[in-house]
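Residue numbers (this note's numbering): 19 to 756.
Accompanying notes for the structure given below.
Here you go:
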């Protein structure tokens with residue numbers, strides 16, 4: 019459609035969710051004028067042969083294109099992204115070299131991404147009239163429910179119908195106040211879905227270390243702090259006190275947690291502490307409607323506390339007062355596909371933009387955050403002692419080389435488990451492999467059950483009677499004879515959680531064995547139900563993957579067994595030792611968190627390995643500083659900035675050819691030097707995944723600015739090449755080489 023000659027044009031500049039790093043111009047839908055258009059609104063647009071939901075970034079008067087199509091429909095009357103959110107998303111798109119439209123799509127919950135109108139979840143709110151506001155709290159004493167409602171409205175202002183229903187204040191009680199002229203219904207924004215009602219809990223007394231940390235975090239203005247606190251030292255209580263400070267000032271608090279599984283117990287604890295504040299949860303375990311309601315309640319400023327996983331960092335928060343990152347070292351804060359952002363790193367940018375404090379907490383800080391703290395970019399705060407009377411656990415190495423093991427367990431480890439259970443206490447066994455066995459082979463011809471789509475072995479899941487790839491989720495029925503030589507002499511190599519559960523149940527039959535992994539916690543609230551006996555203090559044996567390693571406070575766990583500590587000692591990934599140390603320290607931290615002393619048994623084939631000795635004898639702090647020295651020698655992150663240019667396709671030579679040309683282009687722009695180095699193309703550690711071969715170029719630089727400028731130019735070059743045979747991506751601050 020062509021604009022009329024001589025008439026000033028009104029043009030929508032839209033972020034469309036497509037993998038192109040530019041904005042697209044459209045005319046407004048028929049009947050809309052410039053006064054109806056505000057950045058942050060969503061529009062339906064026709065793009066190619068699809069209708070997509072786009073976000074308005076700007077309204078302009080000129081376009082390089084003479085002919086423009088009109089947008090199909092305006093979805094929102096009011097913007098759902100405010101000015102600060104739009105600026106933040108633009109910064110993230112520039113830093114991660116990502117298409118802005120895809121970043122807006124990642125920021126939206128599914129229902130809003132699909133074009134559901136925001137006012138679909140609007141609801142009535144009850145507020146007091148002038149007459150109602152003039153009544154004392156003791157009024158209506160003869161009608162107890164009406165009095166409770168009056169007191170609630172006097173104390174906290176208007177309430178949504180959702181919140182009133184959750185408190186048992188139904189329409190009959192509300193109607194009584196309305197008929198008496200004491201209250202009225204008004205139209206209001208979306209309220210967060212109601213939380214489970216829990217018994218309010220008063221705040222415990224702070225110890226001196228906790229008090230010093232809280233006082234050190236500024237109440238006003240931007241500050242970035244790393245809280246390095248040993249497991250069980252009371253970091254959560256610090257988060258709650260900083261939250262409370264923001265809430266009392268009329269601000270919102272954002273808490274990011276790494277796992278969906280940690281959200282229910284975190285929600286309960288926060289709801290018990292802050293019964294009068296509105297809490298919104300944001301994670302992928304919610305139904306689409308629930309998540310949209312929570313997101314909109316946060317974006318409108320209705321929700322006071324927002325608890326979420328990685329993508330919650332993009333939620334608009336107009337009253338933001340503090341950002342808290344729990345387990346900041348956790349790899350799940352980095353998105354590994356699509357827009358490859360780090361929620362942890364973006365939290366610091368968001369806090370600076372909003373002028374609020376951000377606190378990154380962990381017992382095992384990432385080397386990136388530790389480097390920022392040691393170099394003075396972050397304030398370095400510490401909690402060195404466990405809260406209350408709890409003491410650090412005793413840690414013992416159990417050499418297993420040349421030992422006769424039973425399903426991976428040394429005899430002395432089994433004796434310790436038996437003694438612990440018979441004392442009425444709890445034991446935790448950590449095995450970071452789910453399924454029955456990580457490999458199935460034929461002892462006659464050597465056949466191995468490989469994934470047909472990945473460079474990986476199929477894991478045997480005996481309960482489900484299938485073999486499964488944990489990378490692409492390919493599945494096939496369990497085989498009982500070799501597909502190659504037809505022998506029935508098949509051997510399941512190694513043990514996963516399922517096999518260990520069978521063995522431990524048989525060995526300790528008088529006590530429940532509770533397996534916690536992705537297979538047993540797939541349904542909603544499953545983790546909560548599984549851990550209930552352990553929280554009640556019943557003697558039991560917990561068995562699981564890293565889902566058990568963080569965030570759980572189980573005071574009756576006095577023994578922790580780490581079945582295999584060697585996984586990260588010899589990996590090709592330079593980050594593997596760091597992850598190993600963090601995981602071992604986090605798992606060990608589950609022991610002895612109550613009054614009873616804790617003991618940790620660590621099985622290893624290499625008990626004399628220097629890194630393992632350093633970690634267990636001197637602690638994570640000394641271990642991390644040694645790794646930092648090694649990174650300095652190797653000139654690797656966090657000493658230098660690093661990005662990967664990735665490519666994947668069905669034919670490996672295409673990806674290698676593309677990356678070889680990419681390296682030639684990059685080196686023509688910025689030749690290798692002491693300040694800038696290239697490596698590759700090289701295959702990813704998992705070379706083939708989901709039928710596609712994967713390669714990358716690694717680029718390291720002394721300055722992020724230099725790397726960013728180079729990657730921006732590369733992105734333009736790669737887009738212009740229009741190579742449809744492969745997918746490519748820029749992974750800034752990459753965390754995985756796989």
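Using N, Cα and C, we set each Cβ at its ideal position, and we do this for glycine too.
In DSSP terms, what residue i is bridged to
i, result
"residue 68", "65"
"residue 475", "468"
"residue 352", "360"
"residue 251", "DSSP output for residue 251 lists no bridge partner at all."
"residue 88", "45"
"residue 559", "445 and 531"
"residue 246", "380 and 400"
"residue 424", "427"
"residue 412", "617"
"residue 27", "Answer is none; residue 27 lacks a bridge partner."
"residue 455", "478"
Straight-line gap, residue i to residue j (C-alpha atoms, nearest Å)
i, j, result
"residue 589", "residue 595", "8 Å"
"residue 397", "residue 658", "21 Å"
"residue 771", "residue 140", "The structure shown does not extend to residue 771, since the chain is modelled only from 19 through 756, so no value can be given for it."
"residue 703", "residue 322", "43 Å"
"residue 23", "residue 208", "Any reading at residue 23 needs caution, since the residue's pLDDT is 46, under 50, leaving its predicted position unreliable; the model's value is listed next. Rounded to the nearest angstrom, the two C-alpha atoms are 44 Å apart."
"residue 19", "residue 82", "Its pLDDT being 44, under 50, residue 19 is placed unreliably in this model, and the coordinates cannot settle the point."
"residue 370", "residue 113", "16 Å"
"residue 444", "residue 604", "17 Å"
"residue 273", "residue 359", "18 Å"
"residue 388", "residue 712", "31 Å"
"residue 21", "residue 87", "Per-residue confidence for residue 21 stands at a pLDDT of 42, beneath the threshold of 50, marking its modelled position as unreliable; the derived number appears in the next sentence. Whole-angstrom Cα-Cα distance: 10 Å."
"residue 606", "residue 622", "15 Å"
"residue 745", "residue 735", "14 Å"
"residue 269", "residue 339", "5 Å"
"residue 183", "residue 169", "16 Å"
"residue 194", "residue 167", "10 Å"
"residue 539", "residue 597", "23 Å"
"residue 292", "residue 216", "10 Å"
"residue 710", "residue 489", "12 Å"
"residue 214", "residue 286", "8 Å"
"residue 155", "residue 172", "7 Å"
Where residue i sits in the DSSP three-state scheme
i, result
"residue 35", "coil"
"residue 460", "strand"
"residue 325", "strand"
"residue 379", "strand"
"residue 112", "helix"
"residue 270", "strand"
"residue 750", "strand"
"residue 81", "coil"
"residue 101", "helix"
"residue 367", "helix"
"residue 435", "helix"
"residue 417", "strand"
"residue 76", "strand"
"residue 204", "strand"
"residue 537", "coil"
"residue 340", "strand"
"residue 50", "coil"
"residue 545", "helix"
"residue 297", "strand"
"residue 302", "coil"
"residue 722", "helix"
Proximity test, Cβ basis, 8 Å: residue i and chain B
i, result
"residue 242", "The displayed structure is made up of one protein chain only, and chain B is not part of it."
* Please go through the segment 661 to 720 and give each complete alpha helix (DSSP H) segment of 4 or more residues, from N-terminal end onward. => 670 to 687
* **Segments assigned alpha helix (DSSP H), at least 4 residues, entirely inside the segment 608 to 671** => 628 to 636 and 638 to 652
* Is the segment 526 to 538 in contact with the segment 553 to 567, if contact means three or more CB pairs nearer than 8 Å? -> Between the segment 526 to 538 and the segment 553 to 567, the count of C-beta pairs closer than 8 Å reaches three or more; the two stretches touch.
* Would you mind listing the alpha helix (DSSP H) stretches within the segment 136 to 187 that are 4+ residues and don't spill past its ends, in chain order? => 148 to 151, 162 to 174 and 179 to 184
* Examine the Cβ distances between the segment 570 to 582 and the segment 434 to 454 and report whether three or more of them are shorter than 8 Å. => yes
* To do: Please determine if the segment 295 to 305 and the segment 238 to 245 are in contact, where contact requires at least 3 C-beta pairs separated by less than 8 Å.
  => no
* Please confirm if the segment 59 to 68 is in contact with the segment 25 to 35, defined as three or more CB-CB distances below 8 Å between the two stretches. => yes
* Mind the definition here: the segment 248 to 261 touches the segment 216 to 224 only if three or more C-beta pairs lie below 8 Å; say whether that holds. => Result yes; three or more Cβ-Cβ pairs closer than 8 Å.
* To do: Only counting runs of 3 or more residues, tell me where the beta strand (DSSP E) segments fall wholly within the segment 484 to 520, in order along the chain.
  => Correct list: 484 to 486, 493 to 495 and 508 to 511.
* Taking only runs of the alpha helix (DSSP H) that begin and end inside the segment 564 to 609, which ones reach a length of at least 4 residues, in chain order? -> 594 to 606
* Inspect the CB distances between the segment 290 to 300 and the segment 346 to 355 and report whether three or more fall short of 8 Å. => no
* **Any 3 or more C-beta pairs closer than 8 Å across the segment 537 to 554 and the segment 424 to 435** => no
* Contact the segment 658 to 672 vs the segment 709 to 723: 3+ CB pairs below 8 Å -> Judged by pairs of C-beta atoms under 8 Å, the segment 658 to 672 touches the segment 709 to 723, as three or more such pairs exist.
* Does the segment 394 to 413 come close enough to the segment 244 to 253 that 3 or more CB-CB pairs lie under 8 Å? -> yes
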